[in-house]
Amino acid sequence: MNPQTILVYDGTFDGFLCCVFTVYDQKITDPIIRKRSQTNNQLFTITEDIITKKQQAIRVWNGFKKKTTSNEQRGFFKAFLSEIKGVENTLLNYMKSIFIKTSRNAIDFSNKDILKISQVARMVEREKHRMEAFVRFQLIKDSLYVSTVAPDFNVLPLIIHHFKDRYADQKWLIFDTTRKYGIYYDLNSVEIVTFDNVSEIDPKTIKGHYCNQEIDFQKLWTTYYNNVNIKARKNTKLHVQHLPKRYWKYLTEKM
Amino acid sequence: MKSLERSKIKFNAQQPNMLFDRIREKLSILADAAKYDVSCASSGGKRANTNKGLGNNTGMGICHSYTEDGRCVSLLKILLTNHCIYDCAYCVTRKSNDIKRAAFKIQEVVDLTINFYRRNYIEGLFLSSGIFKNADYTMERLINVAKKLRLEENFNGYIHLKSIPGTSDELMREAGLYADRLSVNIEIPTVSGLKLLAPDKKHEDFIKPMEKVKNEIIQYNTERKIIKSTPRYAPAGQSTQMIIGATGESDRDIMYSATYYYKKFNMRRVYYSGYVPVLTDNRLPSLGTEVPMLRENRLYQTDWLLRFYGFSVNEILNDTHKNLDLDIDPKLSWALRNLNLFPIDINTANKLMLARVPGIGMQSVYKILEARKFRNLDWSHLKAIGIALNRAQYFITCNSKDFHKKELSASSLKNILLKNSNSKYTKHFNQQLSLFS
Ligand code: SF4
């Protein structure tokens, strides 16, 4: 049995594309691609550390772009952001089948990798929409609107555009408490931010910095929410199906 | 931040708590009175965020929350006031009803909208009102709220204004310049029902603003072709709502009315709202009568089939079939009445016919059309595509010798389907509603 090659990368999208580059460059068959942060406990393997090189990533991506529609490209990126274990290998197989393809024409929905990618992409897309819906900004001093979230997938990169476009005239920060980074808009552009001390962004600290009307508006919103309910139509099953309980912790009206 | 400063004065002036409490009370009264309007759509009619203002409308409505009855909360939906000079039997706001009355000031609605929007609670505002003094007087105030939001706050979020029946053409024209959507609720599907329940309202009063909005939209579309800068008019079009189960109308009456409004006034949406008994009145179902939610759901399914699946209304409802089945959805019901058209071959059937197979939704239709370019599809492909085989299998053949050869009668097929998707259907009776299974 030939030892299997494990390609280890830094977890970034560019890093992953460099793995694909290496697979083609060194003609590696059946590699496993995984993030550096995941520990390795497999025997009989060769581990190769992949260094992220922008140039290589761009070459791979440009090749992919030539043979796919922008929709498929977005789907590919979304599937990557799912961070589902082993998704890199499905993406690699998918890319291989795309590179074999001769033209840009139709998607073969009966190919199982393609189907899998489109399913995962749809899950990520759904989480993206949930974040666009469930982010609740709280206004703190210095006119900054802050929100903390803990999405199932790494979707902040996907929601930047939406929030930047919608809230163009207010400063805002959306922080992912699971992945410990945030996106911050300063009225000009959006930047990725991290905190040395995560307690700076915990609910208590945020509360301590509320601007003086914040609580009033939260109460008004809750009042509104409670008054639009029609008791005669109560349907708890449907309610939690649309609004799964794991999201309640950041919904003002559910606190 | 202009709006924040101003609202600070409003809520934190001299006696902050008193003012806040008063606003809160008004909000609870005027949200409560508006909630029977089921339209929550904030979709359609894109509006870009120009000049770095506040908000946009991407054309895809977002539900920011859900009520405990499972309905989407997307807009701040309130009445400007629940004072009303009319006495429509089906309405909580009617003159003779003994309830607390309240009225917002225009600026209060503006401040609430802006502050809710900035916190990502809502997509925009849906403003309606009881009729005080007369139609124009009321409509003018609704328009003023929208105008302030657009011009003073540079607000590009969604605005839906209710057109007050009987409003003049000039005001309807102005309303469309600021609102994304305009609607008049026809409420009672038949003219005779309207006479019975809202005797002082005239059918023409509902029709007039609809007609005006339709004509303005047509005019806008032609003018824009010549002059790019023509001001936009109600980009999300108009909608209406009908109350279901308040009078004795049949599903056929309802859907024929709906079809009429779709065609005649280019409605974007018709909403169906199961009547919630709120008043004692011998013309209406008594208090405690169950809200006809399942029936409402079947009507939405029918509406969907008419708009997206290429069905015409008389295929689903007609003289021999006046009401929709409650135990099965309208598409299955249609298929069972037309078994002679089945089974169809998945690999050759056209798009319209694929869409008519129970268990195959529009998304699956598209995927089948794509996938069959590459190979003849068999059961495993169809499963992977995600069609509901437990239902579809009785209506299709594919690249496999394995298929249902037995001729089944409509009623025995219905029984089988009800049985093997039992849970799904009993769920409906537990008020678990979904658009299509
Ligand atoms: S006019 Fe409108 S608000 Fe007034 S009673 Fe009739 S339906 Fe209700």
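Residue numbers (my numbering), protein chains in the order written: chain A, 395 to 649; chain B, 20 to 456. Beta carbons: idealized from backbone N, C-alpha and C, even for Gly. Given the structure is predicted, the values throughout are model-derived calculations rather than measurements.
Nearest to lysine 510(A) (by Cα), restricted to the options Ser476(A), Val529(A), Ser537(A), Ala527(A): The shortest CA-to-CA distance from lysine 510(A) to any of Ser476(A), Val529(A), Ser537(A), Ala527(A) is the one to Ser476(A).
Through-space distance from lysine 96(B) to lysine 167(B), alpha-carbon basis: Roughly 17 Å between the two C-alpha positions.
Min CB distance phenylalanine 123(B) to chain A below 8 Å: Chain A contact via Cβ: absent.
Any non-hydrogen atom of the ligand SF4 within 7 Å of aspartate 300(B) CB: For the ligand SF4, not one heavy atom lies less than 7 Å from the Cβ of aspartate 300(B).
Heavy atom of the ligand SF4 within 7 Å of alanine 217(B) beta-carbon: Within the cutoff, so yes.
Below-8 Å beta-carbon distance, glycine 143(B) vs any chain A residue: Chain A, which has no Cβ nearer than 8 Å to the Cβ of glycine 143(B), makes this no.
DSSP state of methionine 463(B) mapped onto helix, strand, coil: Residue 463(B) lies beyond the stretch modelled for chain B, which goes from 20 to 456, so this question has no answer here.
Counterpart residues of lysine 96(B) in DSSP-defined beta bridges: Lysine 96(B) is bridged by DSSP to Phe145(B).
Test item, CB below 7 Å from any non-hydrogen atom of the ligand SF4: Result (chain order): Cys103(B), Tyr105(B), Asp106(B), Cys107(B), Cys110(B), Thr112(B), Arg113(B), Lys114(B), Gly149(B), Ile150(B), Glu206(B), Ala217(B), Lys220(B).
Span separating the alpha-carbon of isoleucine 387(B) from that of threonine 416(A): Spanning the two alpha carbons is a distance of roughly 36 Å.
Serine 84(B) beta carbon less than 8 Å from that of leucine 485(A): Their beta carbons are not under 8 Å apart, which means leucine 485(A) does not touch serine 84(B) by this criterion.
Stretch pair the stretch 279-289 of chain B + the stretch 341-359 of chain B: three plus CB contacts closer than 8 Å: Counting Cβ pairs under 8 Å, fewer than three are found: no touch.
Proximity test, Cβ basis, 8 Å: valine 622(A) and chain B: Closer than 8 Å: yes.
Exposure label - phenylalanine 327(B); buried when at least 16 CB within 10 Å: Burial call: exposed.
Beta-carbon contacts of asparagine 68(B) that lie in its chain and below 7 Å, excluding the five residues immediately before and after: Here asparagine 68(B) has Gly74, Asn75, Asn175 as same chain residues with Cβ atoms under 7 Å from its own Cβ, once five neighbours each way along the sequence are excluded.
Any C-beta of chain A under 8 Å from that of phenylalanine 225(B): Among the residues facing chain A, phenylalanine 225(B) is not included, as its CB has no counterpart in that chain under 8 Å away.
Whole-angstrom distance between leucine 371(B) and lysine 392(B), CA atom to CA atom: Those two C-alpha atoms are separated by around 17 Å.
Cα-Cα separation between valine 514(A) and aspartate 117(B), rounded to whole angstroms: C-alpha separation (whole angstroms): 54 Å.
DSSP three-state assignment for asparagine 337(B), whether helix, strand or coil: Three-state result, asparagine 337(B): strand.
Limits of the alpha helix (DSSP H) - the one that methionine 525(A) falls within: Element bounds for methionine 525(A): 506-528.
Contact check, glutamine 260(B) vs valine 232(B), beta carbons under 8 Å: Against a cut-off of 8 Å, the Cβ pair of valine 232(B) and glutamine 260(B) comes out as no contact.
8 Å Cβ cutoff, methionine 312(B) in contact with chain A: Interface residue, yes.
Proximity test, Cβ basis, 8 Å: valine 417(A) and chain B: No - not a single Cβ of chain B is within 8 Å of the one on valine 417(A).
Interface residues of chain B facing valine 529(A) [CB-CB closer than 8 Å]: Under the 8 Å cutoff, chain B gives Asn139.
Neighbouring residues, chain B, relative to aspartate 507(A) (Cβ below 8 Å): What aspartate 507(A) touches in chain B: nothing, since even the nearest Cβ is about 11 Å away.
Per DSSP, the bridge partner or partners of tryptophan 615(A): Under the DSSP definition of a beta bridge, tryptophan 615(A) lacks any partner.
Residues sharing a beta bridge with histidine 179(B), DSSP: The partner list for histidine 179(B) (beta bridge, DSSP) reads Phe145(B), Arg200(B).
Serine 419(B), DSSP secondary structure in three states: In the three-state reduction of the DSSP assignment, serine 419(B) falls in the coil class, being assigned neither a helical nor a strand state.
CA nearest to the CA of arginine 530(A), picked from Cys412(A), Glu647(A), Phe410(A): It is Glu647(A) whose Cα lies nearest to the Cα of arginine 530(A).
Residues in the stretch 542-556 of chain A having any Cβ partner in chain B nearer than 9 Å: Listed in sequence order: His556.
Same chain, Cβ closer than 6 Å to lysine 574(A), neighbours up to 5 away in sequence not counted: Contacts found: none.
CB contact check: alanine 562(A) to chain B, cutoff 8 Å: Cβ-Cβ to chain B under 8 Å: yes for alanine 562(A).
Whether valine 622(A) touches alanine 50(B) by CB criterion (8 Å): Cβ distance < 8 Å, so valine 622(A) and alanine 50(B) count as in contact.
Nearest neighbour of phenylalanine 135(B), chosen from Leu637(A), Glu608(A), Thr462(A) [CA to CA]: Closest by alpha carbon: Glu608(A).
Residues bridged to tryptophan 566(A) (per DSSP): As computed with DSSP, tryptophan 566(A) is found in a beta bridge with Tyr539(A), Tyr579(A).
Beta-carbon proximity list for histidine 603(A), same chain, < 6 Å, skipping 5 on both sides: Apart from sequence neighbours up to five positions away, the residues of its chain that approach histidine 603(A) with a beta-carbon distance below 6 Å are Ile534, Lys535, ordered along the chain.
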